[in-house]
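Undergrad:
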Amino acid sequence: MENMKRFKKLSIAVATVTALGFAAAVKAQMVKIDGSSTVYPISEAVAEEFQKAKKGKIKVTVGISGTGGGFKKFCRGETDISDASRPILEMEMKACAEAGIKYIELPVAYDALTVVINPKNTWIREFKVEELKKMWEPAAQGKITRWSQVNPSWPDAPLKLFGAGSDSGTFDYFTDAINGKEKASRGDYTASEDDNVLVQGVSRDVNAIGYFGLAYYVENKDKLKAVPIVNKGSTKAVSPGIETVMDGTYQPLARPIFIYVSEKAMARPEVKEFVEFYLRQGAKLSKEVGYVPLGKQHYELALKNFKAGKLGTGFGGKAEVGVKLDDLLRREAKL
Numbered sequence: 491m492e493n494m495k496r497f498k499k500l501s502i503a504v505a506t507v508t509a510l511g512f513a514a515a516v517k518a519q520m521v522k523i524d525g526s527s528t529v530y531p532i533s534e535a536v537a538e539e540f541q542k543a544k545k546g547k548i549k550v551t552v553g554i555s556g557t558g559g560g561f562k563k564f565c566r567g568e569t570d571i572s573d574a575s576r577p578i579l580e581m582e583m584k585a586c587a588e589a590g591i592k593y594i595e596l597p598v599a600y601d602a603l604t605v606v607i608n609p610k611n612t613w614i615r616e617f618k619v620e621e622l623k624k625m626w627e628p629a630a631q632g633k634i635t636r637w638s639q640v641n642p643s644w645p646d647a648p649l650k651l652f653g654a655g656s657d658s659g660t661f662d663y664f665t666d667a668i669n670g671k672e673k674a675s676r677g678d679y680t681a682s683e684d685d686n687v688l689v690q691g692v693s694r695d696v697n698a699i700g701y702f703g704l705a706y707y708v709e710n711k712d713k714l715k716a717v718p719i720v721n722k723g724s725t726k727a728v729s730p731g732i733e734t735v736m737d738g739t740y741q742p743l744a745r746p747i748f749i750y751v752s753e754k755a756m757a758r759p760e761v762k763e764f765v766e767f768y769l770r771q772g773a774k775l776s777k778e779v780g781y782v783p784l785g786k787q788h789y790e791l792a793l794k795n796f797k798a799g800k801l802g803t804g805f806g807g808k809a810e811v812g813v814k815l816d817d818l819l820r821r822e823a824k825l
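For the sequence shown, the numbering used here gives the first residue as 491, with consecutive numbering after it.
#1: With a threshold of 7 Å on Cβ separation, who are the neighbours of Lys-671 within its own chain once the five nearest residues in sequence on each side are excluded?
#2: Along the chain, where does the alpha helix (DSSP H) containing Ser-638 start, and where does it finish?
#3: Do three or more CB pairs link the region 546-564 to the region 638-649 at distances below 8 Å?
#4: Tell me whether Phe-540 is buried or exposed, calling it buried when 16 or more other Cβ atoms sit within 10 Å of its Cβ.
#5: Roughly how many angstroms lie between the CA atoms of Ala-543 and Arg-770, to the nearest whole one?
#6: Could you check how far apart the C-beta atoms of Lys-673 and Val-606 are, in whole angstroms? I think they sit under 8 Å.
#7: Out of Thr-569, Ala-647, Ala-574 and Thr-739, point me to the one whose CA is closest to Phe-661's CA.
#8: Buried or exposed for Arg-745, going by 16 or more other Cβ atoms inside 10 Å?
#9: Helix, strand or coil for Gly-546? Go by DSSP, reduced to three states.
#10: For Ala-757, count the other beta carbons within 10 Å of its own beta carbon; 16 or more makes it buried, fewer makes it exposed. Which is it?
#11: Apply the 10 Å Cβ neighbour rule to Pro-730 and answer buried if 16 or more other Cβ atoms are within range, or exposed otherwise.
#12: Please go through the same chain and pick out, in chain order, the residues whose beta-carbon is closer than 8 Å to the beta-carbon of Gly-806, but skip the five residues on each side of it.
#13: Within 10 Å of its beta-carbon, does Asp-712 have 16 or more other beta-carbons around it, so buried, or fewer, so exposed?
#14: Ignoring anything shorter than 4 residues or poking outside the region 561-589, list the alpha helix (DSSP H) runs there in chain order.
#15: Take Glu-831 as the anchor and find which of Gly-525, Lys-547 and Ser-526 has the nearest alpha-carbon.
#16: Any chance you could list the alpha helix (DSSP H) runs of at least 4 consecutive residues sitting entirely within the region 685-751, in chain order?
#17: Starting from the Cα of Asn-901, find the closest Cα among Tyr-600, Ala-681, Ser-693 and Ser-533 and give me that residue.
#18: Would you mind sorting Arg-576 into buried or exposed? The rule is 16 or more other CB atoms within 10 Å of its CB.
#19: From the DSSP output, which residues share a beta bridge with Gly-525?
#20: Alpha carbon to alpha carbon, how far is Leu-743 from Val-811?
#21: In angstroms, rounded to a whole number, what distance separates the CA positions of Lys-633 and Asp-678?
#22: For Val-529, is the classification buried or exposed, using 16 other Cβ atoms within 10 angstroms of its Cβ as the cut-off for buried?
#23: Check the DSSP bridge columns for Lys-777 and list the partner residues they point to.
#24: Residues in its own chain within less than 6 Å of Thr-734 by CB, not counting five upstream and five downstream?
#25: Distance check for Val-550 and Ala-515, CA to CA, integer angstroms please.
#26: Give me the Cα-Cα distance between Gly-785 and Ala-647, rounded to the nearest whole angstrom.
#27: With H, G and I counted as helix, E and B as strand and the rest as coil, what does DSSP make of Leu-596?
#28: I'd like the span of the alpha helix (DSSP H) that includes Thr-660, first residue to last.
#29: Please check the pair Ile-532 and Ser-776, which I expect to be a contact at CB under 8 Å, by giving their CB distance rounded to whole angstroms.
#30: Please say whether Phe-617 and Val-451 have beta carbons closer to each other than 8 Å?
#31: Short of 6 Å in beta carbon distance, which residues of its chain neighbour Asp-524, apart from the five on each side in sequence? Order them along the chain.
#32: Return the first residue and the last residue of the beta strand (DSSP E) that Val-606 is part of.
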């Protein structure tokens with residue numbers, strides 16, 4: 491009887507250790523990503539292909555909480571990789587540093603931030619940057635509420651604005667490129683970190699205008715109309731697209747987009763394998779989902795930086811409009 495009791499105790503102990511070991515193994519085979527809704531389509535496509543290649547042995551989860559929301563989780567150590575549609579900001583660098591989170595910054599594609607209107611809108615052929623500023627600058631709040639107030643040749647109809655939420659990197663970049671300062675924007679508009687909400691809003695209202703990443707426009711071309719942009723000092727209207735981003739003519743709304751990988755996560759084989767897969771498949775998959783791939787040399791240099799463990803950011807805690815990728819990848823990284 492005593493031996494039987496000992497055997498039962500031993501069996502329970504072994505089962506417990508086995509269960510804990512299995513749970514640890516399952517946990518070790520999970521890659522957690524969160525952040526930008528703009529980068530989401532690429533990360534999701536890469537995750538799908540990677541999981542197929544690994545035949546389900548490694549699970550990759552991809553969330554959408556906006557670039558800012560993603561960095562909050564990342565700097566608390568809750569995620570392995572953070573999707574970002576703009577570089578990490580100074581306050582986020584500080585939060586990560588205080589939590590002991592080190593990271594590597596990897597550009598994965600270019601985005602053409604796209605301004606869209608309803609297909610039934612008959613009066614807009616192009617937008618000057620100055621007109622967009624007049625609509626979106628802080629001084630417009632409660633005052634610029636009709637299309638005719640922006641341009642007298644446009645109808646006296648209500649101006650319905652749909653844009654990125656304040657946790658979105660798209661919001662930061664758009665406000666910097668159009669209004670001249672990050673986060674400087676009117677607040678009386680329909681805001682969301684979920685670009686699908688913005689797509690639906692603009693597609694249902696002839697008086698609506700919105701902005702988000704190129705992939706969401708490409709996916710919803712039948713519901714929306716993309717508007718060519720005339721940059722300051724130019725007279726030529728340029729439409730968003732792969733060609734205009736690559737030849738540098740779509741300005742000031744072309745931008746690199748990133749993933750950030752924590753140093754601690756990089757030490758895990760499944761994360762290392764996933765990131766290397768991401769950089770090798772990034773060109774093909776970013777193009778498939780509607781974004782502009784980097785050049786082959788850029789992916790190779792990013793992969794080299796990753797393998798060398800080049801920690802930090804090439805930015806000084808602030809996004810830059812019109813940054814050149816060659817320069818960025820060779821910059822001294824800072825934490």
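By construction, the Cβ of each residue, glycine as well, lies at the ideal position given by its N, Cα and C atoms.
TA: Reading off the structure:
#1: Thr-665
#2: 637-640
#3: no
#4: buried
#5: 14 Å
#6: Not confirmed; about 22 Å, so no contact.
#7: Ala-574
#8: buried
#9: coil
#10: exposed
#11: buried
#12: Glu-580 and Lys-824
#13: exposed
#14: 580-588
#15: This structure does not reach residue 831, given that the chain is present from 491 up to 825, and the question cannot be answered.
#16: 685-693, 704-709 and 732-736
#17: The requested residue 901 is not part of the displayed model; the chain covers only 491 to 825.
#18: buried
#19: Asp-573
#20: 8 Å
#21: 10 Å
#22: buried
#23: Lys-777 pairs with nothing; no bridge assigned.
#24: Val-728 and Tyr-740
#25: Low confidence applies here, because Ala-515 scores a pLDDT of 44, under 50, leaving its location unreliable and the question unanswered by this model.
#26: 44 Å
#27: strand
#28: 659-664
#29: 5 Å
#30: Here the chain has residues from 491 to 825 only, and residue 451 is not among them.
#31: Gly-553, Ser-555, Gly-560, Lys-563 and Thr-569
#32: 604-607
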